[in-house]
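Student: In the numbering used here, the protein residues as written are 377 to 735. Here it is: the structure, laid out below.
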Amino acid sequence: MPYIRTMSKKTKNQIRTKSRQVQVEQTLQVGKGLDVGTAFFYAAEKIGDEIVFRIERDAFFDIPFSDHIKEIFERDNVKYIRKGDQFYVVGNGALRFANLFGRNVRRPLERGIISPQEKDALPIVQLLIESAVGSHRHTGETVYYSVPAQPIDTDFDVFYHQHIIDGFLSGFGYTPKPINEGLAVIFSELAEEDFTGLAFSFGGGMVNVCLANLSIPVVSFSIARAGDWIDKQVAYAINESVSTITGWKESYLDLDKRENFSRIEQALSIYYDILLNYVVGHLKTELEKSAVHLEKPLTVMVSGGTAKPNGFLKRFQETLQKFQLPIELGEIRLASQPLHSVAKGALIAAIADEIKICR
Ligand SMILES: Nc1ncnc2c1ncn2[C@@H]1O[C@H](COP(=O)(O)OP(=O)(O)OP(=O)(O)O)[C@@H](O)[C@H]1O
Ligand SMILES: [Mg+2]
Numbered sequence: 377m378p379y380i381r382t383m384s385k386k387t388k389n390q391i392r393t394k395s396r397q398v399q400v401e402q403t404l405q406v407g408k409g410l411d412v413g414t415a416f417f418y419a420a421e422k423i424g425d426e427i428v429f430r431i432e433r434d435a436f437f438d439i440p441f442s443d444h445i446k447e448i449f450e451r452d453n454v455k456y457i458r459k460g461d462q463f464y465v466v467g468n469g470a471l472r473f474a475n476l477f478g479r480n481v482r483r484p485l486e487r488g489i490i491s492p493q494e495k496d497a498l499p500i501v502q503l504l505i506e507s508a509v510g511s512h513r514h515t516g517e518t519v520y521y522s523v524p525a526q527p528i529d530t531d532f533d534v535f536y537h538q539h540i541i542d543g544f545l546s547g548f549g550y551t552p553k554p555i556n557e558g559l560a561v562i563f564s565e566l567a568e569e570d571f572t573g574l575a576f577s578f579g580g581g582m583v584n585v586c587l588a589n590l591s592i593p594v595v596s597f598s599i600a601r602a603g604d605w606i607d608k609q610v611a612y613a614i615n616e617s618v619s620t621i622t623g624w625k626e627s628y629l630d631l632d633k634r635e636n637f638s639r640i641e642q643a644l645s646i647y648y649d650i651l652l653n654y655v656v657g658h659l660k661t662e663l664e665k666s667a668v669h670l671e672k673p674l675t676v677m678v679s680g681g682t683a684k685p686n687g688f689l690k691r692f693q694e695t696l697q698k699f700q701l702p703i704e705l706g707e708i709r710l711a712s713q714p715l716h717s718v719a720k721g722a723l724i725a726a727i728a729d730e731i732k733i734c735r
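Okay, here's the thing in structure tokens:
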């Protein structure tokens, strides 16, 4: 380094300080968030000033092996794995091939955790995680990944699931850390309220609920009924396929509409109401058990794909009022990007950790 040798001590120190600042600024950008959802995996990372999201459909589809199919996969950049004489198309491509073959996709997760019914789930989950989070930017980069809170209406625990996700992320060179899904919503949406509030993530397999005070969860639980449950109940009630209901619901449902229903609208409206009553009923019981005491009205934040239809927030507000909860609620808001809140909150937690490490 001949140039450095000829510089004054002061200039060298200035350069060192500057390069340390650059290093610190670069370090502040690292850390990733991963929403491990029943319906979708979302990964979030910060590039420059922007948060960039990557999404993978949490699904796979099996096709018998053939050289011809393999050529098509390679040509179209389809993500797949081969196991014996089977191909598994994984992620976004699975739906395309399922529609082509007139069959349903398979799901590696069920009700928020790795599906106990699905014997082929593990390599699929591994590929989905790899494809969503991508390569690490330094060995041991922190990834916070979402886990559901302990459910109150079914009896699984999340430890097996958590252990498996941890193992995959460590294998890819990351430092994995779990974050409660509801708390991730609070990190994402309630910074101005000092991370104090009541958050709901209405997902595909679960509804996650978290009441946090200054970022500490005080009451947190999950419910094993959400969007998938609505689709199944409606499909059964009006004798349609589940995928027809899901597709219609995601494209057209308007919960503001209260009359002149088609059959599918009426059934969806009924099951949304049943779900909301079920969730708020359980919330009331949990709040009464915890005897939580608050100094001021609590901001409520709603997120997740099931909260997306027009009119959802109004119905939810009405249900909350009807149940007369033992706490006072303040403003009730819908996240600006309901599908992204969990990954964004997990990213915020990861960046905060990386800052601590670099200090
Ligand atoms: N526009 C929409 N209208 C109604 N429902 C929607 C819409 N978009 C997505 N959904 C539903 O939202 C659910 C997926 O939401 P989300 O991505 O938040 O769940 P997840 O995180 O994958 O699942 P979970 O948190 O339960 O494990 C699915 O049931 C899907 O059908
Ligand atoms: Mg979710």
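The beta-carbon is built from N, C-alpha and C at its ideal position, and this holds for glycine as well.
Looking only at its own chain, which residues have a Cβ that is under 6 Å from the Cβ of residue 502, when we skip the five neighbours before and after it?
Tutor: Excluding sequence neighbours, residue 502 sits near 544.
Student: Using DSSP with H/G/I as helix, E/B as strand and the rest coil, what is residue 634?
Tutor: coil
Student: Do residue 575 and residue 588 come within 9 Å of each other at the CB atom, strictly closer than that value?
Tutor: yes
Student: Please work out which residues of its chain come closer than 6 Å, Cβ to Cβ, to residue 605, disregarding the five sequence neighbours upstream and downstream, and give them in chain order.
Tutor: none
Student: Given a threshold of 16 other Cβ atoms within 10 Å of its Cβ, counted over all protein chains shown, does residue 428 qualify as buried or as exposed?
Tutor: With fewer than 16 Cβ atoms within 10 Å of its Cβ, residue 428 is classed as exposed.
Student: Is it right to say residue 351 is buried, meaning 16 or more other beta carbons lie within 10 angstroms of its own, or is it exposed?
Tutor: No information on residue 351 is available, as it lies outside the stretch 377 to 735 that the chain covers here.
Student: Please classify residue 788 as buried or exposed, where buried requires at least 16 other C-beta atoms within 10 Å of its C-beta.
Tutor: Nothing can be reported for residue 788, as the shown portion of the chain is limited to 377 through 735.
Student: Between which two residues does the alpha helix (DSSP H) holding residue 615 run?
Tutor: It is not in any alpha helix (DSSP H) - residue 615 carries neither H nor E in the DSSP assignment.
Student: Name the residue from 596, 498, 583 whose alpha carbon lies nearest to the alpha carbon of residue 536.
Tutor: 498
Student: What do you reckon, is the C-beta of residue 579 under 8 Å from a heavy atom of ligand 2?
Tutor: Yes, Cβ of residue 579 sits closer than 8 Å to a heavy atom of ligand 2.
Student: Spatial neighbours of residue 532 within its chain, please: C-beta separation below 7 Å, excluding the five flanking residues on both sides.
Tutor: 489
Student: If we call anything under 9 Å between Cβ atoms a contact, is residue 534 one with residue 523?
Tutor: yes
Student: Is there contact here, the region 671–680 with the region 617–629, by at least three beta-carbon pairs under 8 Å?
Tutor: no
Student: With distances taken Cα to Cα, identify the nearest neighbour of residue 448 among 695, 607, 465.
Tutor: 465
Student: From the DSSP output, read off the bridge partner residues of residue 447.
Tutor: Residue 447 is not bridged to any residue.
Student: Starting from residue 572, follow the alpha helix (DSSP H) in both directions and report where the run begins and ends.
Tutor: Segment: none, residue 572 is in no alpha helix (DSSP H) and carries neither H nor E.
Student: With a cut-off of 8 Å on the beta carbons, I'd call residue 599 and residue 643 a contact; round off their distance for me.
Tutor: Residue 599 to residue 643, Cβ: 21 Å. No contact.
Student: Please report how far the alpha carbon of residue 683 lies from the alpha carbon of residue 440, in whole angstroms.
Tutor: 38 Å
Student: Apart from the five residues just before and just after residue 433, which ones in its own chain have a Cβ nearer than 7 Å to its Cβ?
Tutor: Excluding residues within five positions, the ones whose Cβ falls inside 7 Å are 416, 467, 468, 470, 471.
Student: Label residue 740 either buried or exposed according to how many other C-beta atoms from any shown protein chain fall within 10 Å of its C-beta, with 16 as the threshold for buried.
Tutor: In this structure the chain extends from 377 to 735, so residue 740 is not present and cannot be described.
Student: Grab the span of the alpha helix (DSSP H) containing residue 470 for me, first residue to last.
Tutor: 468–477
Student: Helix, strand or coil for residue 710? Go by DSSP, reduced to three states.
Tutor: strand
Student: Between the region 638–657 and the region 690–705, do three or more beta carbon pairs fall short of 8 Å?
Tutor: Below 8 Å, enough C-beta pairs join the region 638–657 and the region 690–705 to call them touching: three or more.
Student: Check whether the Cβ of residue 414 sits closer than 8 Å to any heavy atom of ligand 2, and report yes or no.
Tutor: For residue 414, the shortest separation between its Cβ and any heavy atom of ligand 2 lies below 8 Å.
Student: Using the three-state DSSP reduction, which class does residue 406 fall into: helix, strand or coil?
Tutor: coil
Student: Roughly how many angstroms lie between the CA atoms of residue 650 and residue 609, to the nearest whole one?
Tutor: Approximately 11 Å, taken between the alpha carbons.
Student: State the start and end residues of the unbroken alpha helix (DSSP H) segment that holds residue 650.
Tutor: Per DSSP, the continuous alpha helix (DSSP H) segment holding residue 650 begins and ends at 639–666.
Student: Can you tell me which of the three DSSP states residue 591 falls into?
Tutor: coil
Student: List the endpoints of the continuous alpha helix (DSSP H) containing residue 552.
Tutor: Where residue 552 is concerned, there is no enclosing alpha helix (DSSP H), although the beta strand (DSSP E) it sits in stretches over 550–556.
Student: Mind checking whether residue 565 and residue 721 have CB atoms under 9 Å apart?
Tutor: yes
Student: Are there 16 or more other CB atoms within 10 angstroms of the CB of residue 716, so buried, or fewer, so exposed?
Tutor: buried
Student: What do you reckon, are the CB atoms on residue 486 and residue 406 nearer than 9 Å?
Tutor: no
Student: Taking 8 Å as the cut-off, is the CB of residue 721 close to at least one heavy atom of ligand 2?
Tutor: Residue 721: no, Cβ never under 8 Å from ligand 2.
Student: Within the same chain, show all residues whose beta-carbon is closer than 7 Å to that of residue 663, passing over the 5 residues directly before and after it, in chain order.
Tutor: In its chain, beyond the 5 residues on either side, 595, 701, 702, 703 have a beta carbon closer than 7 Å to the beta carbon of residue 663.
Student: Mind listing, in chain order, the continuous alpha helix (DSSP H) runs of no fewer than 4 residues lying wholly within the region 676–710?
Tutor: 688–699
Student: In angstroms with no decimal places, state the Cα-to-Cα distance between residue 631 and residue 689.
Tutor: 9 Å
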